[in-house]
Amino acid sequence: MTISSDIRKRLLYAKYLVSRARTAQNERSDLGVAISLLLMHDAAEMLMLAAVDHLQIAMPKKWDFMDFWAEIKKSHAEPPQRIAMEQMNKMRVALKHNGTLPHSQTVRDFLPRLDVFFEEITKNYFDGVNFTELSLADLIDNESVRSMLHQAEQAFASGDKQEAFVKLKLGFDTLMRQLPREVPLIKEPPSTGQLPHGVRPLVAPYHQLLSQVVHTINLLSLGIDPIKSRFFGSIMPAVSWSYSGVPQVQLRHTYDDISKDVFETCFDYVVEVSLKINEVFKASTLASARK
């Protein structure tokens, strides 16, 4: 049974939630760990619902998280990782209903086990789908950006890290350059190039500060974390675009020692920005339609 486009998209959203859970753990705070646990649970539940629909299993009207194993077992092989997922579910119940914060290291240790759960479930119940090969780039609507992110993944997998980060940056810039007009952003201040030479040095610090303020406000209006943006910008190469849309790339450092975790963090950031833009675009379009 071939998986439908709807089921595939739900698998991608579940994987996106896992990536969000991984990012939340990096905050190294009790709140970050708690959010990570909730996201991990939501991701697992989304995967379960997709599996039930794909296998066309009639579930009871009211069923709990742990009922998944018993219901699937009635007509298919029993799902794996029941004990591990039961432990995660108990931690989530204790957090959400009793206000008991989970132990941070325990939650961190669950993430690899959740990855194994996803890999085994997709392999066993989604016709051999390889969970690790599902690309979050497929969540991006912009075809050009989606293609560049696929190229970035392929380049990194082949060992060409420099090309991978160049493609990531070009994809991100293309995304921002092709923002729908309906997305409400503040225009950046005009260039100081038209000012007299003697005035430019005096204005430059204020122009730079104003540009940074506008950039930060625009990020916040899109629901994007400025700290993530700053990290992304510190890793990426510099790119300037001609009026005809031709990019010129300037490498600021080498990428030989950049880890896979850093690449995935930057990759996930581009995906997150794309999804945030879609949310704002839909909200702006809906607001315009009501006028």
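Numbering follows my numbering, with no gaps: position 48 of the sequence shown is 54.
All C-beta atoms, glycine included, are put in the ideal place defined by N, C-alpha and C.
Could you pull out every residue in the same chain whose Cβ sits closer than 8 Å to the Cβ of residue i, ignoring the five residues on either side in sequence?
i	result
Lys173	Met154, Leu155, Gln157, Ala158 and Ala161
Leu226	Pro232
Pro195	His213, Leu216, Ser217 and Val220
Leu201	Val209
Asn95	His47, Phe71 and Met72
Leu185	Leu191 and Ile283
Thr112	Met97
Val189	Leu228, Ile283, Val286, Phe287 and Ser290
Trp247	Asp179, Arg183, Pro253 and Gln254
Trp69	Glu77
Ile241	Phe171, Ile264, Val268 and Cys272
Look at the alpha carbon of residue i and the alpha carbon of residue j, and state the distance between them as a whole number of angstroms.
i	j	result
Leu37	Met46	14 Å
His82	Ile63	10 Å
Ala30	Val205	46 Å
Pro207	Glu270	39 Å
Ile192	Gln218	12 Å
Val99	Arg119	19 Å
Phe123	Pro108	20 Å
Asn136	Val286	32 Å
Leu257	Glu169	11 Å
Lys15	Ser35	31 Å
Trp75	Ser10	23 Å
Thr180	Ile223	20 Å
Gln87	Ile230	35 Å
Ser150	Tyr131	32 Å
Asp121	Tyr249	45 Å
Lys80	Leu55	16 Å
His103	Ala163	42 Å
Asp262	Phe171	11 Å
His268	Pro66	With the sequence shown as reference, residue 268 is identified as Val, and His is not the correct amino acid for it. Approximately 43 Å, taken between the alpha carbons.
Glu125	Asp133	12 Å
Ser110	Gly251	47 Å
Glu139	Leu44	24 Å
Glu51	Glu278	21 Å
Asp115	Asn148	35 Å
The alpha helix (DSSP H) with residue i in it runs from where to where?
i	result
Arg27	The residue you asked about is not Arg; residue 27 is Ala in the sequence shown. Run containing Ala27: Ser11 to Gln31, per the alpha helix (DSSP H) assignment.
Gln111	Ser110 to Tyr131
Asn6	For residue 6 there is no data in the structure shown, the boundaries of the chain being 7 and 297.
Gly251	Segment: none, Gly251 is in no alpha helix (DSSP H) and carries neither H nor E.
Ser153	Glu149 to Ala163
Val189	No alpha helix (DSSP H) holds Val189; DSSP gives it neither H nor E.
So what does residue i bridge to, in DSSP terms?
i	result
Gln256	Ala244
Might you give, ordered along the chain, the residues of its own chain that have their beta carbon closer than 6 Å to the beta carbon of residue i, omitting 5 neighbours on each side?
i	result
Ala143	Arg152, Leu155 and His156
Tyr275	Lys234 and Phe238
Ala49	Ala20, Leu23 and Val24
Ile264	Lys167
Ile78	Pro85
Thr198	Arg206, Val209 and His213
Where does residue i fall in DSSP's three states?
i	result
Asp73	helix
Leu55	helix
Ile89	helix
Val277	helix
Ala83	coil
Pro202	coil
Ile233	helix
Gly134	coil
Leu185	coil
Arg34	coil
Gly105	coil
Asp263	coil
Met97	helix
Lys193	coil
Leu140	coil
Gln4	For residue 4 there is no data in the structure shown, the boundaries of the chain being 7 and 297.
Lys67	coil
Asp179	helix
Thr271	helix
Ile146	coil
Verify the CB distance criterion: does residue i have a CB-CB separation below 8 Å to chain D?
i	result
Tyr19	The chain labelled as chain D is not found in the depicted structure, where only one protein chain is given.
Whose C-beta lies closer than 7 Å to the C-beta of residue i among residues of the same chain, with five residues either side of it excluded?
i	result
Ile127	Leu53, Ala57 and Pro85
Glu92	Met72
Arg28	Leu117
Ile41	Ala30
Ala244	Gln256 and Arg258
Leu176	Met154, Val245 and Pro253
Leu4	As displayed, the chain neither begins before 7 nor continues past 297, which places residue 4 out of reach and without an answer.
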